[in-house]
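Enquirer:
Number of protein chains: 2
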Amino acid sequence: MTQQERLSATFSALADPTRRAILAKLALGETSVTEIAKPFDMSMPAISRHLKVLEHAGLIARGREAQWRPCRLQAAALKGVDDWLGTYRQFWEESFDRLDGYLSALQASQKKPPRKNKKPVVKPKKGVAP
Amino acid sequence: MTQQERLSATFSALADPTRRAILAKLALGETSVTEIAKPFDMSMPAISRHLKVLEHAGLIARGREAQWRPCRLQAAALKGVDDWLGTYRQFWEESFDRLDGYLSALQASQKKPPRKNKKPVVKPKKGVAP
DNA sequence: CTTTTATTTAACTAATTCGTTATTTAACAG
DNA sequence: CTGTTAAATAACGAATTAGTTAAATAAAAG
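As you go down the protein sequences, you meet chains F and D in turn. The opening residue of the first sequence carries number 44 in the working numbering; numbering runs sequentially from there. The opening residue of the second sequence carries number 44 in the working numbering; numbering runs sequentially from there.
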């Protein structure tokens, strides 16, 4: 699996609120599938498939103990996401540099009508409800 | 839009490698849709829809300049992801030794299978290919 | 062996996603 | 007006996703 594929699988897994809730639960400790399923108004097979998605993304691992399959969080996959985010972190942590100026100008133009509007012909948009 | 919905939309948008590549390009500066589309072996409508997904997730914003619609990165949505990650950051940043102890203790305190397998009989798995 | 408990797989459906080509809208140039 | 360029929308199909119920599997209990 390439790095890109891994990232796609991880983001895709995290896109579902049920799966994020499962991860939150597993952050408190290893637990069984039935325990994981309890808070959700959802059938066991549905939970089982969510767990499969999380496992495929490397976000959880499953053990075996008698007829239980305890699941535990695997943080390494989340580190992959964190690393990817690193590239963009500067955009909200540091000054926005030249982007900053552009945004200020844009905000100003939204408060006031822009001066480029020499010909104020307002055409009605077609797809907009009246 | 709730926080959960916003997170879902953001993760879902980031799950596609084309969209991540678009963000990487926009990190270098604002550009037009045609410029964004150039590196991809994909039709313009396909790119247009990817941009719509990114916009809906709040990851980009679109301006208007004559017949061009310049797109720019919106880092705030990524900060949302970073904040979510924060909850789990300890799991890969800190030592796992202490965590292992914590998890073991937690696991022991939670409800466990009432009895352990005293006699581990090894049966051949049925559905497994040789 | 039979039953119970925990979990997965099978089969199906509805909704969504991702791509296509064809058409349409919008702004501008001559 | 006509034509060109930039981008979006319409209409369509294939693939994936997320849920369901019913059945299968695995280990343990009686």
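Built from N, CA and C at the ideal position, the CB exists for glycine as well.
1. Kindly say whether residue 91 (chain D), judged by its beta-carbon, lies nearer than 7 Å to any beta-carbon of chain F.
2. Could you tell me if the beta carbon of residue 91 (chain F) falls within a distance shorter than 6 Å of some heavy atom in the ligand PLP?
3. When you compare the CB positions of residue 121 (chain F) and residue 131 (chain D), do they come within less than 7 Å of one another, or not?
4. Should residue 110 (chain F) be labelled buried (16 or more other beta-carbon atoms within 10 Å of its own) or exposed?
5. Could you confirm whether any beta carbon from chain D is found closer than 7 Å to the beta carbon of residue 125 (chain F)?
6. Could you work out which residue in D:99, D:104 and D:124 is closest to residue 75 (chain D) when comparing CA atoms only?
7. Give me the residue from D:78, D:118 and D:85 with the minimum Cα distance to residue 53 (chain D).
8. Could I get the ranges of all uninterrupted alpha helix (DSSP H) runs contained in the region 64-140 of chain D, with 4 residues as the minimum, in chain order?
9. Among F:128, F:115 and F:134, whose alpha-carbon lies nearest the alpha-carbon of residue 97 (chain F)?
10. Using only CA atoms, which one of D:80, D:93, D:67 and D:68 lies nearest to residue 56 (chain D)?
11. Helix, strand or coil for residue 45 (chain D)? Go by DSSP, reduced to three states.
12. Quick one, are the C-beta atoms of residue 128 (chain F) and residue 125 (chain D) less than 7 Å apart?
13. List, in chain order, every chain F residue whose beta-carbon is nearer than 8 Å to that of residue 130 (chain D).
14. Beta-carbon separation of residue 80 (chain D) and residue 90 (chain D) under 7 Å?
15. Looking at residue 51 (chain D) and residue 60 (chain F), is the spacing between their C-beta atoms short of 7 Å?
Expert: Reading from the atomic positions:
1. no
2. For the ligand PLP, the structure offers nothing, since it holds no ligand at all.
3. yes
4. exposed
5. yes
6. D:104
7. D:118
8. 76-80, 87-99 and 119-136
9. F:115
10. D:93
11. coil
12. yes
13. 67 and 70
14. yes
15. yes
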